[in-house]
Each structure stands twice: as structure tokens, then as C-alpha cells.
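Novice: Under our numbering, the sequence shown has 998 at position 102, and the numbering climbs by one with no breaks.
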Amino acid sequence: MTKDVLVTVRGKQIGNNYEDEIEIINRGNCYERNGKTYIRYEEQQEESDAVIQNMIKIGSDGIEITKKGSVGAQMIFRENEKINSCYETPYGMMMMAIYTNRIQCSIEPEKIEINVLYSIEMNGELLSDADVYIKVEPLGMEQIKLM
């Protein structure tokens, strides 16, 4: 995989009384180090000028997503495991547990695809189910132009 990439993230959260979907497409970098694949990209917050630095680490033991900026999180996904995590917001820190139901990951020379199905619990209660799809492809100017 080339270093300069286009990162597409589609996410869906389903809670008791709501369903929320997002899609972001950004430029990023992809590289390998010590047997793991790293994907880095920035995400612009919708309602502010704040930027969130994102890093996805793919290894044989699972996937880790780290966010730094106006919100912060370290989310570790290992299939059929519940892992405690925290999510930092401008309003304070929230403790949560993430149970990963399924991870599908395909790493090819010209494309990486990840699909993670997981549940989020707060205080022992199910908050929502989530489905995140991530696609990483070499950046080609003919694909899309980002400003």
C-alpha cells in the first residue's frame, strides 16, 4: 500500500430510541511497522474548527483506534472480548466497555477493508450497538479531490 491514502469511514450506532449514521472521507497516511499496519488521518468536527487526529492500528491480536484532539479515545477491539475504555469529551470523561462481536479485516496491496461490529456499555447497561466500516485506498487525484 502506498503511503498517501484515502480513508473512508462509515459508522452506524443503534440505541434504544435512536439510530445515527456518519460517513467521513479524508486523506491520510498508511504504513507498516513491526508487523502492524498503521493508518493515520485527521477529522474535522462538524460544528467547530476542531480537528481530531485518528490512528488505526491493525495487528494479529485485533484493532485499536486512537483519537486525540477535542475528543479523545482509545478503543481496542478483540473479537468476543469486552474491554474497558474511556472517551474524553469537552464536557468530561466517560468510562465505557466495548464488547466486540465480530472483526473482518482484509489487507491487500491496493486496498484495506475493516468491518467491526460491537456493543457499547455504560455502567453495565447497553448504550448502543455499532457497525463501523473502514476502507483505505491509495490516493489518486482521479478518484476524488479534497480541499
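Glycine included, every Cβ here is placed at the ideal spot set by N, Cα and C.
(1) Counting C-beta neighbours from all protein chains within 10 Å, is the total for Ala1122 16 or more, i.e. buried, or is it exposed?
(2) Rounded to the nearest angstrom, what separates Glu942 and Met989 at their Cα positions?
(3) Which of the three DSSP states, helix, strand or coil, is assigned to Gly955?
(4) Near Glu958, what residues of its chain come up, given a Cβ to Cβ distance below 6 Å and the 5 sequence neighbours on each side ignored?
(5) Which word fits Thr985, buried or exposed, when buried means at least 16 other C-beta atoms lie within 10 angstroms of its C-beta?
(6) Run the CB neighbour count on Leu902, radius 10 Å, all protein chains shown included, and call it buried at 16 or more, exposed below.
(7) Who are Lys908's beta bridge partners in DSSP?
(8) If you measure between the beta carbons of Ile948 and Gly965, is that distance less than 7 Å?
(9) Assuming Tyr987 is part of the beta strand (DSSP E), what are its boundary residues?
(10) Do Leu1013 and Arg998 count as a contact pair if the criterion is CB distance below 7 Å?
Specialist: The relevant details are as follows:
(1) With the chain covering 897 to 1043 only, the question about residue 1122 has no answer from this structure.
(2) Whole-angstrom Cα-Cα distance: 21 Å.
(3) In the three-state scheme derived from DSSP, where H, G and I count as helix and E and B as strand, Gly955 is classed as strand.
(4) One point to set straight first is that residue 958 is Gly, not Glu, in the sequence displayed. The answer, listed in chain order, is Phe973 and Arg974.
(5) With fewer than 16 Cβ atoms within 10 Å of its Cβ, Thr985 is classed as exposed.
(6) Sixteen is the threshold: when 16 or more other Cβ atoms of the shown chains lie within 10 Å of the Cβ of Leu902, as they do, the residue is buried.
(7) Per DSSP, Glu917 and Asp1027.
(8) Yes, the Cβ-Cβ distance between Ile948 and Gly965 is below 7 Å.
(9) It is not in any beta strand (DSSP E) - Tyr987 carries neither H nor E in the DSSP assignment.
(10) Closer than 7 Å, so yes.
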